[in-house]
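Read through the structure below, which is laid out as structure tokens, and then see the notes.
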Amino acid sequence: MIMTVEERMENLFTRGVASFVDPSSKFKEKLLKKAKGEISEEVIIKFGVDPTRPDLHLGHAVVLHKLRKFQDLGCKVVFLVGDFTASIGDPTGKSKVRPMVEQKEIEENMETYLRQVSKILLTTSQVFSWIRNSDWFYGVSDMLPKEGLNLDFWGRGINPSSFLGKAFLYEKTRMQVRDLKKQEAIGVTLRGLFWTLGRITHAQLIERDMFQNRLNEGNSLFIHEMLYPVLQGIDSFALYNIYNGCDLEIGGTDQTFNMLMGREVMKINKQPEQAVMSIDILVGTEGKEKMSKSLDNYISINDEPRDMFGKVMSIPDTVILNYYQLCTSADKERLKGIEVKLKDPKINPRDIKLDLAEEIVAIYHGADNALGVREAFLATFQKKEIPEGIEEIRTNEGEILADLLVRSKAVSSKSDWRRLVEEGAVKRLREAGSEEKIVNYLEVATPGVYKIGKRRFVKII
RNA sequence: GCGUCGGUGGUGGAGUGGUCAAUCACAAGAGACUGUAAAUCUCUCGCCUCCGGGCUUCGAAGGUUCGAAUCCUUCCCGGCGCACCA
């Protein structure tokens, strides 16, 4: 079944999209031309990336899948790594001031990031690029020369800490020059920043809901936080200069305000304003809050197939359709079918969820693994078999079981262990499938498979 | 700079000299019921324990007291208000 370009675009602009800003449809038109191969000009999609958390979860993946679809239509995705802005602290987050992240660390983070991303996105230079915003926000004096940096300037050594030394480093580390081979690198000076700030009013910035809320609750609102959206807007401006375009910015709904500020900054600078697409937020495994690492309700795309499957199975029924929409490639027809099935009282939603889990695991680990893990899941939880590949702990002669488990971090403390035993949560499993409840918390560790609660398994050897 | 209010467990937030390992809610864990769903019910939720109890905690350090999370001193951190400056 081959969809026409128009059909694909329709899907692209509606599926999981919370809002799309593109007055007079300039972006849509350009995209259509690009997809049909009528123009050679690049279509640049900006996506802001947080450099501090390289562990991607399904919530991130929703946007990444969307980006992939744009790539498939010939667009170039540019990851904007907000290392500079992160060091300032995005007010979107929990308002904790974030630590400065070293450039080297960023590069390392990006490596792991890209490795994960490549499960979803194409990373060839034709359709992908990345750049960090310290590239234009840092000045020469922000450079921190490393020890042992050997600079030679026409036969004369240069002190790395001197301005000249820093300038050298600056030239060497700028991605615009080093990686993108730009003749002229753009940078944002204090003067330039104020030029922009002089064209944005206080009212424009504080209209943001979150700022209002903070003020109403009597919390503090710092200037740098108010400026954050502007900086993010300047990123769009910079991108336009570097990539000769910045046609669309994509992000979660929580980024809408910031992304719209990009339009403002571009307008101020007489650039064509970027379109803005905000994507629905995926809820976490408990079905209420947004999926995030700090709430520990996330499914990492690096999760082992078994964990991933289990976590999907643990979501409430009410969000099954939501997950289907945002995490799989199921088309409209199938989504409709699933919606009908979910309403059918004769069908156990669990079975639909089993399919969902398998489908999601297949995206990240392949169809074979997904099927295998589905069977293993059924075996473990329906037939109560001992799962494979569980953690093994070696026991020392005569060691108390409690000590062993605390040592291996299977339980958090001896008190914790005692409680679990008293609650009848600990069982030793026998080959035949029978279980023996552990009643003595001072028991000496003997080899075997132990089950703590419903899902913790430990093998002692 | 001045004034003022505050800093308590994973989170929010009580407690203002002994009955406080600290009400309560949320989060979390376990059991029952189940579909490793939700909802519901019960229990647990600092550490150690020979189950009698012991030990360490309330921003940090000192002090008062028989006794302090609670009072005093100093320091650190934060909110708010005022002033200075502009």
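Residue 142 in the UniProt record's numbering is what sits at position 142 of the first sequence, and the numbering runs on without skipping anything. Where is the CB? At the ideal position from N, CA and C, for every residue including glycine.
Ordered along the chain, which non-local residues of its own chain (more than five positions away) have a Cβ less than 7 angstroms from that of residue i?
i: T318; result: G287
i: P99; result: At P99 the pLDDT is 40, less than 50, meaning the model places this residue with poor confidence and gives no usable figure here.
i: L231; result: T85
Which same chain residues, not among the five before or five after residue i, have their C-beta less than 6 angstroms away from its C-beta?
i: N159; result: G165
i: I390; result: F457, K459
i: I131; result: M175
i: T285; result: N297, K311, S314, I315
i: A357; result: F309, V312, M313
i: V449; result: I386, L429, K459
i: A18; result: T253, S278, D280
i: L354; result: none
i: N369; result: P305
i: L205; result: M226
i: R208; result: F257
i: R374; result: E358
Just tell me which of the options has its CA closest to the CA of residue i.
i: S278; options: G48, S24, V5; result: G48
i: R423; options: F168, K119, I452; result: For the sequence presented, residue 423 should be read as Glu rather than Arg. Among F168, K119, I452, the Cα nearest to that of E423 is on I452.
i: A362; options: A203, Q382, P305; result: P305
i: I120; options: V77, D403, N133; result: V77
i: E41; options: E375, N297, C246; result: C246
i: R202; options: T189, I299, E225, H60; result: Checking the sequence, you will find His at residue 202 rather than Arg. Among T189, I299, E225, H60, the Cα nearest to that of H202 is on E225.
i: S24; options: K293, Q274, Q232; result: Q274
i: K414; options: L231, M261, Y441; result: Y441
i: S236; options: D209, M266, R208, T395; result: M266
i: K343; options: Q126, L321, L371, L429; result: L321
i: V283; options: K270, L326, Q232, Y243; result: L326
i: G198; options: D135, S129, E264; result: E264
i: D55; options: L227, L429, M110, L239; result: M110
i: R428; options: R407, Y170, V439; result: V439
i: G233; options: F211, N258, D209; result: N258
i: M9; options: E29, V21, S19, N269; result: E29
i: L169; options: K182, G262, G37, D135; result: D135
i: A61; options: V340, V373, I223, I299; result: I299
i: P51; options: F84, P447, L354, R68; result: F84
i: L180; options: L190, F211, K437, S129; result: S129
i: V21; options: N241, W417, V276, I223; result: V276
i: R15; options: G366, E333, R350, W417; result: E333
i: M261; options: A238, V340, H57, P229; result: P229
i: Q126; options: E375, G74, E38; result: G74
Just checking my contact of residue i with residue j at CB under 8 angstroms: how many whole Å lie between their CB atoms?
i: G139; j: G192; result: In fact, because the Cβ distance is near 11 angstroms, the residues do not count as touching under 8 angstroms.
i: T123; j: L114; result: 6 angstroms
i: D303; j: K311; result: 7 angstroms
i: G82; j: I281; result: The Cβ separation is near 19 angstroms, so there is no contact.
i: I393; j: S412; result: The Cβ separation is near 15 angstroms, so there is no contact.
i: L67; j: I45; result: 6 angstroms
i: L248; j: F13; result: Between F13 and L248 the Cβ distance is about 11 angstroms, and since that is not below 8 angstroms, they are no contact.
i: E359; j: T328; result: 5 angstroms
State the Cα-Cα distance for the pair residue i and residue j, rounded to the nearest angstrom.
i: residue 474; j: K34; result: Any property of residue 474 remains undetermined from this structure, which presents the chain solely from 1 to 461.
i: E435; j: P316; result: 29 angstroms
i: I460; j: L401; result: 9 angstroms
i: T4; j: I338; result: 24 angstroms
i: V177; j: M143; result: 16 angstroms
i: I106; j: R455; result: 36 angstroms
i: K270; j: L378; result: 60 angstroms
i: Q116; j: Y324; result: 21 angstroms
i: K36; j: E184; result: 33 angstroms
i: P272; j: Y364; result: 37 angstroms
Within its chain, find whatever has a CB closer than 8 angstroms to the CB of residue i; leave out the 5 residues flanking it on each side and keep chain order.
i: V63; result: F47, I250, G251, G252, I279
i: S141; result: F163, K166
i: I268; result: T196, R199, I200
i: V444; result: G398, E399, I400, L401
Heavy atom of the ligand COA less than 8 angstroms from the Cβ of residue i, yes or no?
i: I242; result: Ligands in the displayed structure: none, and consequently the ligand COA is not present.
Open item on the list: Could you tell me which whole alpha helix (DSSP H) segments of length 4 or greater appear in the region 321-357?
Closed with: Correct list: 332-343.
Task: Minimum length 4: unbroken alpha helix (DSSP H) runs contained in the region 236-289 - done: Counting only runs of 4 or more, we get 256-268.
Open item on the list: Suppose only complete runs of 4+ residues qualify. What are the alpha helix (DSSP H) ranges in the region 375-442, listed by chain order?
Closed with: Whole alpha helix (DSSP H) segments, 4+ residues: 401-407, 414-422.
TODO: Entirely within the region 130-212 and at least 4 residues each: give me those alpha helix (DSSP H) ranges in chain order.
DONE: Those alpha helix (DSSP H) runs which fall completely within the region 130-212 and span 4+ residues are 134-137, 163-173, 175-178, 190-197, 202-206.
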